[in-house]
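Note sheet for the following structure.
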Amino acid sequence: MKRLFSYGTLQQKNVQLEKFDRILDGSKDILQKYILREIEITDESVLKISNKRFHPILFFTNNEKDEIHGTVYKITSSELLKADDYEVDDYQRVEVILKSGVKSWVYVGKQSNEKNTFQ
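What follows is the structure in structure tokens.
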């Protein structure tokens with residue numbers, strides 16, 4: 170099983186049912202060194218599923234005081250690919266260590282990594 174940390178629309182039950190055909194079982198966790206912003210979604214298929222024009226997006230800060238609260242889910246490899254399909258081109262999937270010590274995938278803003286720190 171893979172782990173996926175969600176801080177946004179992938180926590181919505183309607184999105185989970187549409188993308189994974191089931192409600193995901195998850196637990197609360199925290200991602201450090203990131204801040205939350207919003208982007209406007211223009212992809213009609215994503216808008217139809219989420220019913221939200223603006224989605225949250227993360228950017229790396231390297232500041233341990235910056236924390237994002239969310240949910241970490243156990244999903245299959247095929248479900249991870251379905252999540253990739255749901256996220257628009259503004260996001261990239263990266264592997265992180267959550268505050269609990271769990272290794273997980275998360276979607277962050279493109280170019281958001283330790284070499285490109287958000288100021």
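All letters in the sequence shown, in the order written, are residues 170 to 288 by our numbering.
By construction, the Cβ of each residue, glycine as well, lies at the ideal position given by its N, Cα and C atoms.
Computed from a prediction, not measured in an experiment: that's the story for all the values here.
| Asked | Found |
| --- | --- |
| For K284, the three-state DSSP class (helix, strand or coil) | The pLDDT assigned to K284 is 49, lower than 50, so where the model puts this residue is not dependable, and the model offers no usable value. |
| Entirely enclosed beta strand (DSSP E) segments - the stretch 173-213, minimum 3 residues | 195-201, 203-209 |
| Residues bridged to L227 (per DSSP) | L205 |
| Local Cβ density within 10 Å of F229, reported as buried at 16 or more and exposed below that | buried |
| Inter-residue spacing [alpha-carbon to alpha-carbon] between D198 and L267 | 7 Å |
| Spatially closest choice to R191 from K251, D212, K234, by CA coordinates | K251 |
| Distance CB(I208)-CB(E187) smaller than 8 Å | no |
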